[in-house]
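So the numbering used here is basically just the index in the sequence shown, starting at one, shifted up by 21.
Note that the Cβ used here is the ideal one computed from N, Cα and C, for glycine as well.
Just so we're clear, the structure is a prediction, and the values are computed from it rather than from any experiment.
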Amino acid sequence: MSLLFWYAPLYFHQTILLAANGNQNIGLQAKILSTRTFTIFVVMALLTTFATTPLATLLYPPWYQEKLKAWRRGEIDWDTGAALPSSTSGNEEPKPSRQGPTDRIRRLLVYLTLDSMPPILDLVSLFGMPTASQSHPADRAEGSQQDSHSGKGVRAHGMRLLQLTDRDSSVMTVSQVDEYSQLDPVVNIFRTLGQLLKIAVSGEVAVMPEPRFAEALVSKSSAISSDLVLIPWEKTGNSGSAQAIVEIANQRLDPSYTNIIKPILQGTESNIGILFPKAISTQSGTQTPQRVKLTRAYSLSDIKNDIPIIPVTSLSHHIFLPYFGGRDDELALTVVLQLCEKPDVTATVVRFAAPSSSDDTYFASVAASSLGRERASRVKFETVVVDDGYDAALERAAVEMQPESRGVSSRKLVVLGRRAGADAVGGKPSYRVVEEVRDGLGAVGAHLVASGLVVDLLVVQAKA
22 MSLLFWYAPL
32 YFHQTILLAA
42 NGNQNIGLQA
52 KILSTRTFTI
62 FVVMALLTTF
72 ATTPLATLLY
82 PPWYQEKLKA
92 WRRGEIDWDT
102 GAALPSSTSG
112 NEEPKPSRQG
122 PTDRIRRLLV
132 YLTLDSMPPI
142 LDLVSLFGMP
152 TASQSHPADR
162 AEGSQQDSHS
172 GKGVRAHGMR
182 LLQLTDRDSS
192 VMTVSQVDEY
202 SQLDPVVNIF
212 RTLGQLLKIA
222 VSGEVAVMPE
232 PRFAEALVSK
242 SSAISSDLVL
252 IPWEKTGNSG
262 SAQAIVEIAN
272 QRLDPSYTNI
282 IKPILQGTES
292 NIGILFPKAI
302 STQSGTQTPQ
312 RVKLTRAYSL
322 SDIKNDIPII
332 PVTSLSHHIF
342 LPYFGGRDDE
352 LALTVVLQLC
362 EKPDVTATVV
372 RFAAPSSSDD
382 TYFASVAASS
392 LGRERASRVK
402 FETVVVDDGY
412 DAALERAAVE
422 MQPESRGVSS
432 RKLVVLGRRA
442 GADAVGGKPS
452 YRVVEEVRDG
462 LGAVGAHLVA
472 SGLVVDLLVV
482 QAKA
């Protein structure tokens, strides 16, 4: 039983009357209907139109709607209305609380696109827990949990949105959307990631008109009570040079992407993360591409020599967080500390404060808290007093993101709040960017991108 159950008959009756009035208007002009009969139909249409909302509210009151929502979430018993115990059985995880931006991230909603799969998979992998050592099946106690990190697990739900068009193939996809979700290659790649990285991953495909993409993401986030909605930036080209990233910062966004990102950022119900990935570039140790050889034939030895050497890449990550204060920066700090639970992740958190600014209570409490001996050795906190927060953050990010001189370099990631308090620190951005880019990434994030810093950037915005 839902609101549609009550609204449907009323609106159906209203639609029939309105359609009938249109035909009766023609009948009145043709003098088939009398003026009295036509007036009766018009009055009936008006009365049912104005009575729809009061009748639906009377039959479906607000208290009943709230009770139905709580019952569907498994919070109350339908007959008695009493709250159910919060403990769960089996592998079912309790519903996470939604108290503030500093809660632990337990549920992710990821907007899946084909162009952004590599950086998205790399970021989501950081939320996975390290693999525990396995024992022989004969030595395990019956009913024992092999994974000691089950209480810290993260659930990620990927949502791929396809545009509904007038083509027959698009209409058939809508009719078979459940089957299409099982066969979609992007969703299947995302599901496979969960099996490899110990993340509870699910995915689905939705087909709808493009203007409804933002509404679909917001509705899905509310339905699954996600703690973070992860949205990738539009594609960044094929070159990983600084010049390519600067050009992106000075280009207007695709209207279709603007229609998605703008309504979501204006919402206040969910924490939002925007991933600006660096363009695809050559890994360390690879050689620059050479001109193709013009040869007629290859011998077996030539073919072996032309096979490129696979570069040695590091699975470790280094994160840099420029902290200015505010709810967005607090959420960014929470995300960074959670990512640092993995043993191959290190982080540097630098608070940039103005000479006249007061101490940040939240930052001080987190820096002084006990993070555990292992994690505390991989997270470094600093406080720097500066006059220009933009340039100071850029200079420190360039230093932190430099490749290591020893062999293989770790992957780099900059995390910051979208509405960072750089204006309170002072200074002005030295680079100009398109207004749409600044609105999406924030003032500090757009400043880092416009400078040509080749690094993955995660900009987060806390819910209200």
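(request) With R57 as the anchor, note down where its alpha helix (DSSP H) starts and where it stops. (result) 56-80
(request) Check each candidate in Y344, L249, V470 and name the one with the smallest Cα separation from Y132. (result) L249
(message) If you measure between the beta carbons of L479 and L434, is that distance less than 8 Å?
(response) yes
(request) Please name the residue, chosen from E351, L342, C361, that lies closest to Q482 on a Cα-to-Cα basis. (result) E351
(request) For the beta strand (DSSP E) containing P488, list its first residue and its last residue. (result) This structure leaves residue 488 out entirely; the chain is present only between 22 and 485.
(message) For I301 and R440, I'd like the C-alpha separation in whole angstroms.
(response) Its pLDDT being 45, under 50, I301 is placed unreliably in this model, and the coordinates cannot settle the point.
(message) I'd like to know if E416 contacts chain B, where contact means its C-beta is closer than 8 Å to some C-beta of that chain.
(response) No chain B is present in this structure, which holds just one protein chain.
(request) Under 6 Å Cβ to Cβ from L183, same chain only, skipping five residues before and after it: list those, please. (result) V228
(request) Drop a sphere of 10 angstroms on the beta-carbon of F402, count the other beta-carbons inside from all chains shown, and report buried for 16 or more, exposed for fewer. (result) buried
(request) Check whether the Cβ atoms of R94 and R128 lie closer than 8 Å to each other. (result) no
(request) Decide if I141 is buried, meaning its Cβ has at least 16 other Cβ atoms within 10 Å, or exposed. (result) buried
(message) Judging by CA-CA distance, which residue of P232, I295, G393 is the nearest neighbour of D349?
(response) When P232, I295, G393 are compared, the shortest CA-CA separation from D349 is found for I295.
(request) Can you give me the start and stop residues for the beta strand (DSSP E) that G224 sits inside? (result) Start and end: 221-229.
(request) Count the C-beta pairs between the stretch 272-291 and the stretch 235-244 that are closer than 8 Å, then say yes if the count reaches three, no if not. (result) yes
(message) Classify R394: buried if its beta carbon has 16 or more other beta carbons within 10 angstroms, exposed otherwise.
(response) R394 is exposed by the Cβ-count criterion.
(request) Please list, in chain order, all residues of the same chain as P310 whose beta carbon is under 7 Å from its beta carbon, the five residues on each side excluded. (result) Per-residue confidence for P310 stands at a pLDDT of 45, beneath the threshold of 50, marking its modelled position as unreliable; no derived number is given.
(message) So the candidates are D275, L342, K52; which of them puts its Cα closest to the Cα of L415?
(response) L342
(message) Using DSSP's beta-bridge definition, name the partner residues of V458.
(response) Answer is none; V458 lacks a bridge partner.
(request) Have a look at H338, Y383, L358, L354 and flag the residue whose alpha-carbon is nearest the alpha-carbon of D477. (result) H338
(message) Taking 8 Å as the threshold (C-beta atoms), are F345 and I281 in contact?
(response) no
(request) Please name the residue in K88, F211, N46 whose C-alpha comes closest to that of T134. (result) Of the candidates K88, F211, N46, the one whose C-alpha sits nearest the C-alpha of T134 is F211.
(request) Go ahead and pull the three-state DSSP assignment for I285. (result) helix
(message) For a test of the three-state rule: what should DSSP assign to I53, helix, strand or coil?
(response) Coil at I53, not helix or strand.
(request) Quick one: residues in its chain with C-beta nearer than 8 Å to the C-beta of L214, no 5 flanking neighbours on either side, listed in chain order? (result) Same-chain partners within the cutoff: L142, V145, S146, I220, V222.
(request) Tell me whether L79 is buried or exposed, calling it buried when 16 or more other Cβ atoms sit within 10 Å of its Cβ. (result) exposed
(request) Identify, in the order they occur along the chain, each residue of the same chain with its Cβ nearer than 8 Å to the Cβ of V405, setting aside the five sequence neighbours on each side. (result) V371, R372, F373, A374, A413, R417
(message) Under DSSP, the beta strand (DSSP E) around P140 begins and ends at which residues?
(response) Segment 138-146 is the alpha helix (DSSP H) holding P140; no beta strand (DSSP E) there.
(message) Assuming A353 is part of the beta strand (DSSP E), what are its boundary residues?
(response) Element bounds for A353: not the beta strand (DSSP E) but the alpha helix (DSSP H), 348-360.
(message) Bridge partners for T367 per DSSP, in chain order?
(response) H339
(message) Between T367, L437, A388, T382, which has its C-alpha nearest A353's C-alpha?
(response) L437
(request) Given a cut-off of 8 Å, decide if L336 and V400 are closer than it, judged by their beta-carbon atoms. (result) Taking C-beta atoms as the reference points, V400 and L336 fail to come closer than 8 Å.
(message) Can you tell me whether T382 is helix, strand or coil according to DSSP?
(response) helix
(request) Give the secondary structure of V175 by DSSP, where H, G and I count as helix, E and B as strand, and everything else as coil. (result) coil
(message) Check for me: the alpha helix (DSSP H) holding Y85 runs from which residue to which?
(response) Per DSSP, Y85 belongs to the alpha helix (DSSP H) from 83-93.
(message) Counting C-beta neighbours from all protein chains within 10 Å, is the total for D205 16 or more, i.e. buried, or is it exposed?
(response) Classification for D205: buried.
(request) State the Cα-Cα distance for the pair A388 and N209, rounded to the nearest angstrom. (result) Computed Cα separation, rounded: 40 Å.
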